[in-house]
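Each residue of the sequence shown is one higher than the one before, counting from 1 in the working numbering. Built from N, CA and C at the ideal position, the CB exists for glycine as well. In what follows, a structure is listed as structure tokens, so that the remarks can point back to it.
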Amino acid sequence: MKLLFDNNISHKLAARLDDIFPYSTHVMIERLDEAEDKDIWEFAKKNGFTIVTKDADYNEINLVRGFPPKVIWLRIGNCKISDIEGIIRKNAIIISEFDKNQKLGIIEINKMSF
Numbered sequence: 001m002k003l004l005f006d007n008n009i010s011h012k013l014a015a016r017l018d019d020i021f022p023y024s025t026h027v028m029i030e031r032l033d034e035a036e037d038k039d040i041w042e043f044a045k046k047n048g049f050t051i052v053t054k055d056a057d058y059n060e061i062n063l064v065r066g067f068p069p070k071v072i073w074l075r076i077g078n079c080k081i082s083d084i085e086g087i088i089r090k091n092a093i094i095i096s097e098f099d100k101n102q103k104l105g106i107i108e109i110n111k112m113s114f
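Next up, the structure:
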């Protein structure tokens with residue numbers, strides 16, 4: 001499972017989580033940091049990424065366009081990079097199961113999830 005981190009999440013997470021989500025990247029690394037959400041969506045779809053975001057817009061896009069790509073919606077407010085890393089690590093099994101589930105296109109991880 002490859003993750004594509006959105007602008008509202010640090011680019012450092014792709015490297016920090018490489019041991020459990022190899023080949024993950026960030027929109028900045030892919031030169032999509034100024035792209036519209038729909039263009040990021042298409043990039044993720046074309047390249048087999050799951051989008052990780054704090055942006056509610058991807059929920060709307062998912063409702064209209066369906067999936068893939070899948071979306072991990074972090075509803076956690078402002079956090080340190082280490083906190084976000086910990087949240088993703090703690091939920092890694094749930095995230096992997098979500099990836100395998102062909103009926104789900106979006107998963108919310110909120111403060112109750114960690």
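Identified DSSP bridge partners for residue i
i, result
"W73", "T53 and E108"
"H26", "F5"
Pair within 8 Å by beta-carbon distance, residue i and residue j
i, j, result
"V27", "D18", "no"
"V71", "N62", "yes"
"K2", "F49", "yes"
"I81", "K38", "no"
"I109", "I93", "no"
"K54", "N8", "yes"
"R75", "W41", "no"
Spatial distance of residue i from residue j (CA atoms)
i, j, result
"E30", "D99", "22 Å"
"E85", "R16", "7 Å"
"E36", "E97", "29 Å"
"N78", "F5", "15 Å"
"G105", "W73", "11 Å"
"F67", "N47", "13 Å"
"R89", "F21", "10 Å"
is_contact[residue i, chain E] using C-beta, thresh 8 Å
i, result
"D18", "The displayed structure is made up of one protein chain only, and chain E is not part of it."
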